[in-house]
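Residue numbers (the numbering used here), protein chains in the order written: chain A, 1 to 171; chain B, 1 to 171.
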């Protein structure tokens, strides 16, 4: 079990609701903080339909001992079950880091039309950061992808987590 | 609800157990037939550890109303839960069609070392058929991928399914 350092960041205030990308990304960020508290890589996501948050989740790979328990996957499974429909074609997904290959694939399969990412992932991102699935695969579905970085807070969160974890590994 | 034509294929005999790629792919093929009977796109998978089948599953996207309920994903989730460990690093996965982007990503995340596919997928395969994740992403894990086609039976199954479904759509 790897030692996880204490999270030095505070959550954003969610009381002053605003139907904006920045507000929704702040909620996803707060989910990422929850992941950190659980000892997970801090990534969070929320799902929005018609300006309302309908699901929120954080990365729980270690907690659930399941490599597929990324925040995005949990949201897709939860909403599919709740609706009894695998087509999530009116959902906007906010996620603090660009989805990995698995999650990008699931987003396409679930026909989610819009994704907002907090930071691009140059190593594994499949929605433009490293590769773009829509450009190299025949997927029969397009996803509109934009970025809302919270002035760099989403990137700073991940960078700090890995920096602190590397430091604690050396002790 | 789309009309699904009756499956014209018979299952392979599983009685004469042999620890060979062909035998294990026949078991995966039988899972694919089960998917067809459920009204699903016929794709099946099994997991093998030390020559023993430890899990089997078929595509159940429509049945479970979950876009992530591909055969490979179900196997990964099931084995992770059973072992209380997300690292499936001694599993060989047999799947009747090359894994899609989501499943290929999950296989990498779960650190599955070996995959045997029944037919390559030129449209969406991410293990060599269309693209190869290992070559274009920084994934920190390699998967050994080979093909056991059962003399073309895996491809014939899918081709026939889509052909019959297209014909029934026109009626």
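Note that CB positions come from ideal geometry on N, CA and C, so glycine has one too.
Check	Outcome
Residues of the segment 54-76 of chain B whose Cβ lies closer than 7 Å to any Cβ of chain A, in chain order	61, 65, 66, 67, 68, 73, 76
Test: residue 178(A) CB closer than 7 Å to a CB of chain B	Residue 178(A) is absent from the structure shown; chain A starts at 1 and stops at 171.
Residue 76(B), DSSP secondary structure in three states	helix
CB contact below 7 Å: residue 101(B) versus chain A	yes
Chain A contact for residue 120(B) (CB, 7 Å cutoff)	no
Where residue 91(A) falls: helix, strand or coil (DSSP)	coil
Rounded separation between residue 120(A) and residue 143(A) - CA only	15 Å
Per-residue DSSP class, three states only, for residue 100(A)	coil
DSSP-derived helix/strand/coil call for residue 141(B)	coil
Partners in chain A for residue 109(B), counting only beta-carbon separations shorter than 9 Å	61, 67, 68, 70, 100, 101, 102
Environment of residue 109(A) [buried if 16+ CB atoms lie within 10 Å]	buried
Closer than 8 Å at the beta carbon, the chain B residues around residue 133(A)	101
Per DSSP, the bridge partner or partners of residue 46(A)	56(A), 94(A)
Enclosing alpha helix (DSSP H) for residue 26(B) [first to last residue]	21-37
Any 3 or more C-beta pairs closer than 8 Å across the segment 156-171 of chain A and the segment 146-153 of chain B	no
Unbroken alpha helix (DSSP H) run spanning residue 61(B), endpoints	61-64
Cβ-heavy atom distance, residue 13(A) to the ligand NAD, below 6 Å	Absence of the ligand NAD from the depicted structure is noted, as is the absence of any ligand whatsoever, leaving it without description.
Given residue 55(A) as reference, the closest of 3(A), 31(A), 40(A) once Cα atoms are compared	31(A)
Minimum Cβ-Cβ distance from residue 130(A) to chain E less than 7 Å	In the displayed structure, chain E is absent; the protein chains listed are A and B.
Cβ-Cβ distance between residue 61(B) and residue 94(B) below 7 Å	no
Residue 35(A) beta carbon less than 7 Å from that of residue 59(A)	yes
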